[in-house]
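Numbering-wise (numbering that gives the first Met the number 0), the sequence shown opens with residue 0 and increments by one.
Notes to accompany the following structure.
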Amino acid sequence: MSLTSELEELKGFKDFLILDEQGKVLLRQTKGAGFSQGVLSGYLASVYSIADRTTMPFTSNIAEISFDGEGGSVLVMKGKDKYFMLLLEGTPSMGIARLKLRMLVDNYEQ
Numbered sequence: 000m001s002l003t004s005e006l007e008e009l010k011g012f013k014d015f016l017i018l019d020e021q022g023k024v025l026l027r028q029t030k031g032a033g034f035s036q037g038v039l040s041g042y043l044a045s046v047y048s049i050a051d052r053t054t055m056p057f058t059s060n061i062a063e064i065s066f067d068g069e070g071g072s073v074l075v076m077k078g079k080d081k082y083f084m085l086l087l088e089g090t091p092s093m094g095i096a097r098l099k100l101r102m103l104v105d106n107y108e109q
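Written as structure tokens, this is what we have:
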């Protein structure tokens with residue numbers, strides 16, 4: 000089973016994206032209707048806003064940011080030159096989501 004398939008089996012899975020450093024979507028996997036482009040853009044803007052308020056810039060030092068969005072949870076991890084964004088509905092177990100997303104990022108970066 001592929002790691003992206005494992006992500007899709009997470010409780011509450013809605014969207015998974017890989018973005019480049021400019022925010023261009025390189026890969027998107029959606030279950031059901033997915034989130035609209037406007038909602039995704041808002042979530043990405045929130046990620047950068049949160050990072051700007053921390054002591055370390057997200058683009059170089061912070062490996063992970065997560066927060067509650069409207070109707071769900073957002074988890075973003077940074078690889079070498081890509082961002083991996085997982086969107087989940089409701090209040091799922093973020094521990095399992097983090098573990099599976101980290102495995103995917105590590106394998107993708109090898």
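Glycine is no exception: its CB is placed at the ideal position from the N, C-alpha and C atoms.
For clarity, every value in this text was computed on a predicted model and none was experimentally measured.
Exposure of residue i, with buried meaning 16 or more beta-carbon neighbours within 10 Å
i: Gly71; result: buried
i: Ala44; result: exposed
i: Met102; result: exposed
i: Leu39; result: buried
i: Phe66; result: exposed
i: Leu98; result: exposed
Option in the options with minimal Cα separation from residue i
i: Met84; options: Ser35, Val46, Gly37; result: Val46
i: Lys30; options: Gly41, Leu6, Tyr42; result: Leu6
Same chain, Cβ closer than 7 Å to residue i, neighbours up to 5 away in sequence not counted
i: Leu87; result: Leu9, Gly11, Phe12, Lys13, Gly71, Ser72, Ala96
i: Lys89; result: Strictly speaking, residue 89 in this sequence is Gly, with Lys absent from that position. Within the same chain, Gly89 has close Cβ partners Gly11, Gly71.
i: Leu18; result: Val24, Leu25, Lys81, Tyr82, Met84
Proximal residues to residue i (C-beta, below 6 Å), its chain only, five neighbours per side dropped
i: Leu16; result: Val24, Arg27, Met84
i: Glu108; result: Gly78, Lys79
C-beta contact flag for residue i and residue j at 9 Å
i: Phe104; j: Gly68; result: As written in the sequence, residue 104 is Val, which differs from the Phe given in the question. Not closer than 9 Å, so no.
Close beta carbons around residue i, own chain, < 8 Å, minus the five adjacent residues each side
i: Glu20; result: Thr58, Asp80, Lys81, Tyr82
i: Leu100; result: Leu6, Leu74, Met76, Phe83, Leu85
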